[in-house]
Every structure is written in C-alpha cells, then in structure tokens.
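Have a look at the structure below, then the notes.
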Amino acid sequence: MPPVPSIPPALTGSKEGTFAFFTVRDRWPKIIAKIVDQMHRYRHAHIAVHGEEGEKDIKSVISQLSELSYLVSTDKPLQDLSDHGEKVNIWNEELRELRIKKSAEQVTWYRCDWLFAECFLYRKITSLFLKTTTLREFDPFASQKQSFFIGCINTMSMLAKHLEEVASGTAKVDHDIISHFLQV
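Be aware that the sequence shown starts at 154, since it is given in this note's numbering, and climbs by one per residue.
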C-alpha cells in the first residue's frame with residue numbers, strides 16, 4: 154500500500170506573494186468597501202421607509218464596516234461574534250479552540266487559516282446587520298446575486314431546453330463525447 158501523503162499546511166495570508174496574502178490584503182478590503190458604498194447609495198431610500206431608526210442603523214453598519222476593514226488591514230485578532238444569529242456559539246467556540254491550539258497571537262486576519270478567516274469575515278459582516286433593528290434581513294450581496302442571475306438567464310434557458318429534450322427522448326446524445334468529458 155503506497156504511503157499516504159501528508160496534508161499540506163493551511164494557507165495563511167502572512168506569506169507575501171501568495172493567493173491568501175492578496176486575498177486578505179486586496180480582495181477583502183474591496184468587498185467591505187463595496188458594501189459601504191452600497192449602504193451609502195441605499196441610505197436615503199432606507200431612511201425614507203424606516204426614519205431615524207433606519208438612519209441610526211445605516212450609520213452603525215457603515216461605522217462597523219469601516220472598523221472591520223481597519224482590523225483586517227492591520228492584522229488585528231479575530232473578535233468573537235456578539236449577535237444573536239445562527240450558530241454564534243459554534244463560531245465563538247471554534248475561535249476559542251484556535252486561540253488555544255495556535256495561541257491567541259496567531260488568530261489574526263493574516264495569520265489565521267485563510268479559509269476559516271474568509272468564512273469568518275462573511276459571518277462577521279452578517280453579524281453587523283443582525284445587530285440592527287431595520288437591516289436584519291438586508292443582504293449586502295443581493296444586487297450582485299441578481300446581476301449574475303440575470304447574466305446567466307440565456308445559458309440557463311438553453312440548458313433547461315436541452316434537459317427537456319433529453320428527458321423526452323428527442324435530444325441526440327453523443328455517448329462518445331460524454332465519455333470523453335467524463336475522462337477529462
């Protein structure tokens with residue numbers, strides 16, 4: 154039986170020039186900045202519906218997003234979640250375990266395992282909205298999702314039509330091509 158290769162170490166953003174480094178340094182701050190920009194553009198419409206409470210929530214989220222961007226860019230420690238959303242205890246317990254396993258100094262935005270930090274970033278963003286009164290259901294990525302969906306409608310329609318043809322038996326299925334793609 155051949156030896157099982159060891160699992161490579163987790164990616165972190167601490168090594169310059171790596172995908173993880175560019176993600177933490179460049180991509181995450183841009184994601185946060187886009188949400189801040191979106192909140193500024195959405196502000197007047199939100200205040201028109203929700204009044205002073207809506208304005209307070211918008212200001213709070215923008216302020217906290219700016220702080221989050223600062224924490225990420227300056228490699229500060231990941232902080233426990235403090236909302237009442239789903240699985241907060243699980244996230245915070247995982248952070249506690251990481252702090253014990255790796256030491257608290259290593260559980261920062263650049264030095265933490267990149268994939269965990271990325272997932273935690275999105276959960277942290279969600280947390281900022283969950284702590285408000287008027288933005289609890291707001292999806293900061295909804296406009297992107299809608300744009301991508303609209304951009305894919307023609308492709309999805311063609312695929313649905315082809316699947317209908319396959320299901321009804323009217324489509325020609327080239328088994329050689331399918332076999333070729335399965336081998337690739």
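Note that beta-carbon positions come from the ideal geometry of N, C-alpha and C, so glycine has one too.
These numbers come from a predicted model, not from an experiment.
- Under DSSP, Pro230 takes part in a beta bridge, and its partners are Thr261.
- For the pair Leu248 and Thr261, the Cα-to-Cα distance works out to about 10 angstroms.
- If one requires a minimum length of 3 residues, no beta strand (DSSP E) run lies completely within the stretch 250–326.
- In terms of Cα proximity to Glu246, the closest of Gln259, Glu258, Gln232 is Gln232.
- CA-CA distance, Ser321 to Phe294, rounds to 38 angstroms.
- The beta strand (DSSP E) runs of length 3 or more contained entirely in the stretch 173–212 do not exist; there are none.
- Leaving aside the five residues that flank Met192 on each side, the residues in its chain whose CB is nearer than 8 angstroms to its CB run, in chain order, Ile211, Val214, Ile215, Leu218, Pro293.
- In this structure Ala270 is buried. Its beta-carbon is surrounded by 16 or more other beta-carbon atoms within 10 angstroms.
- Per the coordinates, the alpha-carbon of Pro162 lies some 24 angstroms from the alpha-carbon of Arg276.
- One alpha carbon belongs to Trp181, the other to Ser235, and they sit about 21 angstroms apart.
- Between the beta-carbon of Thr285 and that of His199 there is about 10 angstroms, and that puts the pair past the 8 angstroms contact cut.
- Trp244 and Phe273 have their C-alpha atoms spaced approximately 8 angstroms apart.
- Rounded to whole angstroms, Val319 and Ser296 show a C-alpha spacing of 34 angstroms.
- Rounded to the nearest whole angstrom, the C-alpha separation of Asn307 and Ala313 is 10 angstroms.
- If you draw a 10 Å sphere on the C-beta of Gly304, you find fewer than 16 other C-beta atoms in it, and that means exposed.
- The C-beta distance from Gly170 to Val177 rounds to 12 angstroms, too long to fall under 8 angstroms, and the pair is not in contact.
- Within the DSSP bridge table, the entry for Thr171 names no partner.
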